[in-house]
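> Just so you know, the sequence shown maps onto residues 1 to 329 in the UniProt record's numbering.
The structure is given below, and queries will be raised subsequently.
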Amino acid sequence: MSKLLEVSDLSVAFGQTHAVRGVSFSLEQGQTLAIVGESGSGKSLSSLAILGLLPPQARVVSGSIRWDGRELLSLGDDELRKLRGEELAIIFQDPLSALNPSLTVGYQIAEMFRRRRGARREEARRRAIEAMTEVGIPDAARRAENYPHEFSGGMRQRVMIAMALALEPRLLIADEPTTALDVTVQAQILRLLRKRQEAGLSMIIISHDLGVVARTAQRVVVMYAGKAVESGTVAELYSNPSHPYTKGLLAASPSARDTGRQIQPIDGYPPDITAMPSGCAFHPRCPFARERCRTDEPELRIVAPGRTSACHFAEEVLTHGEAVGNTRA
Ligand code: SF4
Ligand code: MG
């Protein structure tokens, strides 16, 4: 199958500090890829780079981002802006920051149809109400007259999804789309996204929640300290992780698997990217670390068909299966 999106060897830096270090991943049409990791792992930066929406202090220092055969890193601002309107869309964790507080929600959605599709006022309004109805906002014609602060968190996220999908993008990047929401609303939002996936939408979902990932994605890239440390299908990676960090994330996740096991947080904290540990960046927290891990940085390598891992001892971690994680207690 042809790749819709191909990110190769991407590095993003703040000044001299590399926050994303040589990350590669790709996405096929109609697929959903999850990027997981703790905060500060570079997962959001990697996807903001795709959209050309990096914060002003950050810049891409190397790599390539190909979208449907075009190199996005060589596009100008206008071309990127056009692409963001037409083909690429993003929703954030905090929809309030992305909405204009002083304009009604209906007006903000209608504006997109007016500006991008040349719709007349009445037509744009009608389509805005349609878009709101489609994401499950009840009584949309009336709600269209409300301002963002008059919506609950869950309804605001629906508004964001309606805006993001209004112009029928080919790729939706969802950055922690349900993190701020309670469990019931989270389930509703995930159902909504799943419906769109079934209709053929390609997605990148960014999350620290492996339960959310399991319900939305086919493939996963796990990031740690700016690097991809493992990738594979959800099924393989969840049932048999090949990197100790992935194993730790699974053990720490309340919703990833219903094994009835105790939740076990990973010891310690992710490193400060300005003071990266020597060797494997995960070694200070890794229950499998040995001498070599303190000096040699592991390369991301293929450890099984369709699977990569950046652990010197990936094969061991793989074959140990369940037992190894329990030895930490
Ligand atoms: Fe742990 Fe060593 Fe593997 Fe890094 S290379 S994840 S420290 S075992
Ligand atoms: Mg983030």
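Even glycine gets a Cβ: it sits at the ideal position worked out from N, Cα and C.
#1: Once you ignore the five residues that flank A19 on each side, which residues in its own chain have a CB closer than 6 Å to its CB?
#2: Does the segment 136 to 151 touch the segment 70 to 85, meaning 3 or more C-beta pairs lie closer than 8 Å?
#3: Kindly indicate which three-state DSSP category H312 falls into: helix, strand or coil?
#4: Going by beta-carbon coordinates alone, are P177 and I91 separated by less than 7 Å?
#5: Following the continuous alpha helix (DSSP H) through T216, name the residue where it begins and the one where it ends.
#6: F282 by DSSP, collapsed to three states: which one?
#7: To which residues does DSSP link H18 through a beta bridge?
#8: For the ligand SF4, is there a heavy atom less than 6 Å away from the beta-carbon of H320?
#9: Could you pull the start and end residues of the beta strand (DSSP E) that L171 belongs to?
#10: So what does V221 bridge to, in DSSP terms?
#11: For P298, is the beta carbon positioned less than 6 Å from some heavy atom of the ligand SF4?
#12: What does the Cβ neighbour count give for E322, buried or exposed, with the cut at 16 atoms within 10 Å?
#13: Across which residues does DSSP place M203 in a beta bridge pair?
#14: According to DSSP, is F25 helix, strand or coil?
#15: Kindly give me the distance between the Cβ atoms of R292 and H312, rounded to whole angstroms, as I take these residues to be in contact under 8 Å.
#16: Can you list the residues near the ligand SF4, meaning Cβ strictly closer than 5 Å to any non-hydrogen atom, in the order they appear in the chain?
#17: Look at the alpha carbon of E236 and the alpha carbon of G15, and state the distance between them as a whole number of angstroms.
#18: Starting from I109, trace the alpha helix (DSSP H) both ways and give me its first and last residue.
#19: With 16 other CB atoms within 10 Å as the buried threshold, where does Q186 fall?
#20: Could you tell me which whole alpha helix (DSSP H) segments of length 4 or greater appear in the segment 236 to 277?
#21: Which same chain residues, not among the five before or five after E150, have their C-beta less than 8 Å away from its C-beta?
#22: Taking the CB atoms as reference points, tell me whether L172 and L201 lie closer together than 7 Å.
#23: Within 10 Å of its beta-carbon, does R301 have 16 or more other beta-carbons around it, so buried, or fewer, so exposed?
#24: Counting pairs of Cβ atoms below 8 Å between the segment 208 to 220 and the segment 2 to 11, do you hit three or more?
#25: Are there 16 or more other CB atoms within 10 angstroms of the CB of R219, so buried, or fewer, so exposed?
#26: Among V234, E130, L250 and A128, which one has its Cα closest to the Cα of R307?
#27: Would you identify the three-state DSSP class for E134, choosing helix, strand or coil?
#28: Alpha carbons only, please: which of V60, S39, G37 and E38 is nearest the one belonging to L48?
Reading it off the structure:
#1: Within the sequence shown, the letter at position 19 stands for residue 19. Excluding sequence neighbours, A19 sits near V12, G42, L45, G226 and I273.
#2: Using a C-beta cut-off of 8 Å, the segment 70 to 85 makes no contact with the segment 136 to 151, since fewer than three inter-stretch Cβ pairs fall below that distance.
#3: Counting from one through the sequence shown, the residue named residue 312 turns up at place 312. Assignment of H312 by DSSP, reduced to helix, strand and coil, places it in the coil class.
#4: Taking the sequence shown and counting its residues from 1, one reaches residue 177 at position 177. Taking the sequence shown and counting its residues from 1, one reaches residue 91 at position 91. Cβ distance < 7 Å, so P177 and I91 count as in contact.
#5: Residue mapping note: residue 216 aligns to position 216 of the sequence shown, counting from 1. The continuous alpha helix (DSSP H) containing T216 extends over residues L210 to T216.
#6: By 1-based counting over the sequence shown, the position of residue 282 is 282. Looking at F282 - three-state DSSP - the assignment turns out to be coil, as it is neither helix nor strand.
#7: Numbered from its first residue, the sequence shown carries residue 18 at position 18. In DSSP, H18 forms a bridge with A13.
#8: Residue 320 sits at position 320 when you count from the first residue of the sequence shown. No - the ligand SF4 has no heavy atom lying nearer than 6 Å to the Cβ of H320.
#9: Residue mapping note: residue 171 aligns to position 171 of the sequence shown, counting from 1. Run containing L171: L171 to D175, per the beta strand (DSSP E) assignment.
#10: Start at 1 with the first residue of the sequence shown, and residue 221 comes out as number 221. Here V221 is bridged, per DSSP, to I35 and S231.
#11: Position 298 of the sequence shown, counted from the first residue, corresponds to residue 298. At a threshold of 6 Å, P298 counts as near the ligand SF4, since its beta carbon sits closer than that to one of the ligand's heavy atoms.
#12: Within the sequence shown, numbered from 1, the residue matching residue 322 stands at position 322. The pLDDT assigned to E322 is 48, lower than 50, so where the model puts this residue is not dependable; a value taken from the coordinates is nonetheless given after this. Flag for E322 reads exposed.
#13: Counting from 1 along the sequence shown, the entry for residue 203 is found at position 203. T32 and L172, per the DSSP bridge assignment.
#14: Within the sequence shown, the letter at position 25 stands for residue 25. If DSSP states are grouped into helix, strand and coil, F25 belongs with the strands.
#15: Against the sequence shown, residue 292 aligns to sequence position 292. Against the sequence shown, residue 312 aligns to sequence position 312. Confirmed, about 6 Å.
#16: My final list is P244, C280, F282, H283, C286, F288, A289, C293, P298, C311, H312 and F313.
#17: As a working note, residue 236 is residue 236 in the sequence shown. As a working note, residue 15 is residue 15 in the sequence shown. If you draw a straight line from the Cα of E236 to the Cα of G15, it is about 37 Å long.
#18: On the sequence shown, position 109 is the one that residue 109 refers to. Counting along the chain, the alpha helix (DSSP H) containing I109 begins and ends at V105 to R117.
#19: To locate residue 186, count along the sequence shown from 1; it is residue 186. Burial call: buried.
#20: Runs found: 244 to 252.
#21: For this step, residue 150 is matched to residue 150 along the sequence shown. Setting aside the 5 residues that flank it on each side, E150 has no residue in the same chain whose C-beta is closer than 8 Å to its C-beta.
#22: In the sequence shown, counting from the first residue as 1, residue 172 sits at position 172. In the sequence shown, counting from the first residue as 1, residue 201 sits at position 201. A distance below 7 Å separates the beta carbons of L172 and L201.
#23: For the purposes of this step, residue 301 is taken as the residue at position 301 of the sequence shown. Exposed.
#24: No contact exists between the segment 208 to 220 and the segment 2 to 11.
#25: Position 219 of the sequence shown holds residue 219. Buried.
#26: Walking along the sequence shown from the start, residue 307 turns up at place 307. Just measuring C-alpha positions, the residue of V234, E130, L250 and A128 sitting nearest R307 is V234.
#27: Translated into the one-based positions of the sequence shown, residue 134 becomes position 134. In the structure shown, E134 sits in a helix (DSSP, three-state: H, G or I).
#28: In the sequence shown, the residue the question calls residue 48 occupies position 48. Minimum Cα distance to L48 is reached at V60.
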